[in-house]
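In terms of the working numbering, the sequence shown is numbered consecutively and its last residue is 336.
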Amino acid sequence: MPTLKRGLTLLVTVAVTLLGLLLVTFLIGRVVPIDPVLSVLGDRANAESVARMRTQLGLDLPLWRQFLLYLGDVVQGDLGTSVLTSRPVLEDVLRVFPATLELATVAAIVGAVLGIPAGVSAATNRGRWPDHAIRLLGLIGHSVPIFWLGLMALLLFYARLDWVPGPGRVDVFYEGMVDPVTGLITVDALLAGETDIFWNALHHLVLPSAILGLHSVAYIARMTRGFMLDQLRQEYITTARVKGLSETRVVWGHALRNITVPLITVIALSYASLLEGSVLTETVFAWPGLGLYITNSLLSADMNAVLGGTLVVGAVFIALNLLSDLLYRLLDPRAR
Numbered sequence: 001m002p003t004l005k006r007g008l009t010l011l012v013t014v015a016v017t018l019l020g021l022l023l024v025t026f027l028i029g030r031v032v033p034i035d036p037v038l039s040v041l042g043d044r045a046n047a048e049s050v051a052r053m054r055t056q057l058g059l060d061l062p063l064w065r066q067f068l069l070y071l072g073d074v075v076q077g078d079l080g081t082s083v084l085t086s087r088p089v090l091e092d093v094l095r096v097f098p099a100t101l102e103l104a105t106v107a108a109i110v111g112a113v114l115g116i117p118a119g120v121s122a123a124t125n126r127g128r129w130p131d132h133a134i135r136l137l138g139l140i141g142h143s144v145p146i147f148w149l150g151l152m153a154l155l156l157f158y159a160r161l162d163w164v165p166g167p168g169r170v171d172v173f174y175e176g177m178v179d180p181v182t183g184l185i186t187v188d189a190l191l192a193g194e195t196d197i198f199w200n201a202l203h204h205l206v207l208p209s210a211i212l213g214l215h216s217v218a219y220i221a222r223m224t225r226g227f228m229l230d231q232l233r234q235e236y237i238t239t240a241r242v243k244g245l246s247e248t249r250v251v252w253g254h255a256l257r258n259i260t261v262p263l264i265t266v267i268a269l270s271y272a273s274l275l276e277g278s279v280l281t282e283t284v285f286a287w288p289g290l291g292l293y294i295t296n297s298l299l300s301a302d303m304n305a306v307l308g309g310t311l312v313v314g315a316v317f318i319a320l321n322l323l324s325d326l327l328y329r330l331l332d333p334r335a336r
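Below is the structure:
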């Protein structure tokens, strides 16, 4: 019964959160100084056409009725039609989202692979120069604007040194040569046996994923350091050292193992923030994902696309939070 009660509570919490997300995105669409009618008809539309379109879009209804209509459409999977592409927004989002997923996944791997060892090193060298250096890098990773960092990285590593390819998911020569199966171009290239395109796509991922992952590295390193410092003060660590275990085994075999569960939560939350933070990175690197789609839609006053894309990002964020919570409860019996 307690498990059933917790499950119901969780479902209610998710439902209320989603409803709040829908309300916020709806209100944003009504507050921003962009007229959805003029974005469809153009600035030169006559008053009669404008009035007719407002009626068709339901904009002459009270706000609460507009929200109920919006809620009903979203529940049926209808996010409206994009003015920019003339296609259903949901279709557009499903087409571009794999590119964002691929970029954020590689960035999350970068964050975990670099962030965890950095955090462990900072904790085991507390107060010494490795600790100060890692904390300084973490501060920089959080403070430097990602768009500026992306532009500087493109200027240095692409334009000057020619170490990495330019913007986009693959070179222009390879575009459209692999049929989208999963939407993840590296996976699709392998499925098609196109190793040249796979390596080209992988090279294109290096710079944007490193820039996007920098924030994740800083966050994971800081959290890992805190968790490790807490563990290194525990009595079982002292006992392990007294027994003569090597410092490597004490740190990596005992202390790190005991922070695995909270680290999973940290990585999941970091992954969710990467999906959100991909907007600027995709814009800088012309990465054809959800972030670039939302940016272009905003510049074109395509509010259906902006709200639909924002709603999907929010829903994914909630789903990842829910997943991390479930994993935490599954792996740590004390949390059940």
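Glycine included, C-beta positions come from ideal geometry on N, C-alpha and C.
Item                                                                                                         : Value
Coil, strand or helix - P98 by DSSP                                                                          : helix
Minimum length 4: unbroken alpha helix (DSSP H) runs contained in the region 271 to 312                      : 290 to 299
Short Cβ contact (8 Å threshold) for V178 with D188                                                          : yes
Per-residue burial, R225 [other beta carbons within 10 Å of its own, 16 or more giving buried]               : buried
Inter-residue CB distance, L290 and I211 (contact presumed, cutoff 8 Å)                                      : Not really, about 17 Å apart at Cβ, beyond 8 Å.
Pair within 8 Å by beta-carbon distance, V217 and G115                                                       : yes
I267 and I318 closer than 8 Å at C-beta                                                                      : no
Nearest residue (CA-CA) to T265, options E282, S273, L327 and T295                                           : L327
Per DSSP, the bridge partner or partners of T81                                                              : P88
L79 versus A305, I146, G138 and L18, residue with shortest Cα-Cα distance                                    : A305
Environment of Q231 [buried if 16+ CB atoms lie within 10 Å]                                                 : buried
Where the alpha helix (DSSP H) through P208 begins and ends                                                  : T195 to L232
Closest Cα partner of A315 within the set F97, D35, L184 and W287                                            : F97
Span separating the alpha-carbon of A201 from that of L103                                                   : 11 Å
Straight-line Cα distance separating F147 from A133                                                          : 24 Å
Touching by the beta-carbon criterion (3+ pairs, under 8 Å), the region 110 to 128 and the region 228 to 247 : yes
Within the region 143 to 170, ranges of the alpha helix (DSSP H) (whole runs, at least 4 residues)           : 146 to 153
Distance, L256 Cα to P262 Cα                                                                                 : 11 Å
Bounding residues of the alpha helix (DSSP H) (the contiguous stretch that carries A192)                     : Per DSSP, A192 belongs to no alpha helix (DSSP H) and is neither H nor E.
F157 vs V164 beta-carbon contact at 8 Å                                                                      : yes
8 Å CB neighbourhood of L90 in its chain, flanking five on each side removed                                 : G77, D78, L79 and G308
Whether P208 touches W287 by CB criterion (8 Å)                                                              : yes
Enclosing alpha helix (DSSP H) for I237 [first to last residue]                                              : E235 to V242
Residues near H204 by beta carbon distance below 7 Å, same chain, minus five either side                     : P165, G168, R169 and V170
C-beta atoms of R95 and L63 nearer than 8 Å                                                                  : no
Residue environment, V312, which counts as buried when at least 16 other CB atoms sit within 10 Å            : buried
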